[in-house]
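S.K.: What follows is a single structure, and I will ask about it in a moment.
Residue numbers (the UniProt record's numbering): 1 to 206.
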């Protein structure tokens, strides 16, 4: 009795159909990925340098959010009163490489113990100054030095003002971008307060 082969594609046809299916899946994945990647990249050199408004109305004390400015991740941390107290602890300060922010990694208006315009909000470019990895935020857990940022690549550590600890590979504090509070719920990245000037390209290292 002969075998029914009407539903079984011939080898050549089967290979062709498999190629078409694989190509279609790959094309679909690319079609989905391209808009996502493009959404993270500035469309032109003009838009790359435009200020970015960030809604911080839902940011609770002790929480962090990440925005994108000039293609870089920017950490916005709402620090607690305990965080701010820890930043001024003498033991922590003694363990920092540049506690007074002497190296130009921030605007003059952020060259203070909290390295920001408003003490409650820390604002830093989230790129380790060693080899460019993205540090992870670790909230305070009641320890003597409060919370910190840990670089997962080579172990560099920063406090919640973005100041680098001694004895780690990273040589500099995390950069602080130009920023201003346009309202109690909106932080604008890429713009200086009225009467202030800071060119982000003047920092020592990103």
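We treat Cβ as the ideally placed atom computed from N, Cα and C, and that holds for glycine.
Report the CB separation of residue 204 from residue 125 in whole angstroms; it is logged as a contact under 8 angstroms.
M.R.: Reading the chain shown from its first residue, position 204 is the one you call residue 204. Reading the chain shown from its first residue, position 125 is the one you call residue 125. Not confirmed; about 13 angstroms, so no contact.
S.K.: For residue 53, I'd like the list of residues in its chain whose CB is within less than 6 angstroms of its CB, leaving aside the five on either flank, ordered along the chain.
M.R.: Mapped onto the chain shown, residue 53 falls at position 53. Closer than 6 angstroms at Cβ, skipping near neighbours: 186 and 188.
S.K.: Any contact of the stretch 128-144 with the stretch 153-163, i.e. 3+ C-beta pairs under 8 angstroms?
M.R.: The answer is yes - the stretch 153-163 touches the stretch 128-144, with three or more Cβ pairs under 8 angstroms.
S.K.: CB residue 78 to CB residue 160, shorter than 8 angstroms?
M.R.: Position 78 of the chain shown holds residue 78. Position 160 of the chain shown holds residue 160. Going by C-beta atoms, residue 78 is not nearer than 8 angstroms to residue 160.
S.K.: Along the chain, where does the beta strand (DSSP E) containing residue 67 start, and where does it finish?
M.R.: As a first step, residue 67 is located in the chain shown; it is residue number 67 there, counting from the start. Note, residue 67: beta strand (DSSP E), 64-69.
S.K.: Taking DSSP as the reference, what is the three-state secondary structure of residue 81?
M.R.: Stepping through the chain shown from its first residue, residue 81 is reached at position 81. Helix at residue 81.
S.K.: Cβ atoms of residue 84 and residue 282: under 8 angstroms apart, would you say?
M.R.: The chain is shown from 1 up to 206; residue 282 falls before or after that span and cannot be answered.
S.K.: Going by CA-CA distance only, name the one from 76, 49, 58 and 59 that's closest to residue 149.
M.R.: Position 149 of the chain shown, counted from the first residue, corresponds to residue 149. Among 76, 49, 58 and 59, the Cα nearest to that of residue 149 is on 76.
S.K.: Excluding the five sequence neighbours on either side, which residues of its own chain have a C-beta within less than 7 angstroms of the C-beta of residue 69, listed in chain order?
M.R.: Position 69 of the chain shown, counted from the first residue, corresponds to residue 69. Same-chain partners within the cutoff: 52, 177, 189 and 190.
S.K.: In whole angstroms, give me the CA-to-CA distance for residue 165 and residue 90.
M.R.: For the purposes of this step, residue 165 is identified with residue 165 of the chain shown, where counting begins at 1. For the purposes of this step, residue 90 is identified with residue 90 of the chain shown, where counting begins at 1. Approximately 13 angstroms between the Cα atoms of the pair.
S.K.: Quick one: using the 10 Å Cβ neighbour count with 16 as the cut-off for buried, is residue 106 buried or exposed?
M.R.: Translated into the one-based positions of the chain shown, residue 106 becomes position 106. Buried, since its Cβ has 16 or more Cβ neighbours within 10 Å.
S.K.: By the DSSP assignment, the alpha helix (DSSP H) with residue 90 in it spans what residues?
M.R.: Sequence index remark: in the chain shown, residue 90 carries index 90 (1-based). From DSSP, the alpha helix (DSSP H) with residue 90 extends over 90-94.
S.K.: Note down, one range per segment and in chain order, each beta strand (DSSP E) of at least 3 residues found wholly within the UniProt domain "Rieske" (88-188).
M.R.: Qualifying beta strand (DSSP E) stretches, in chain order: 121-125, 136-138, 148-150 and 179-183.
S.K.: Just the C-alpha distance for residue 195 and residue 117, rounded to the nearest angstrom, thanks.
M.R.: Translated into positions along the chain shown, residue 195 becomes position 195. Translated into positions along the chain shown, residue 117 becomes position 117. Their Cα atoms are separated by approximately 14 angstroms.
S.K.: Ignore the nearest five residues each way along the sequence and tell me which others in residue 101's own chain have a CB closer than 8 angstroms to its CB.
M.R.: On the chain shown, residue 101 is found 101 positions in, with the first residue counted as 1. So the qualifying residues of the chain are 110, 111, 112, 115, 163 and 173.
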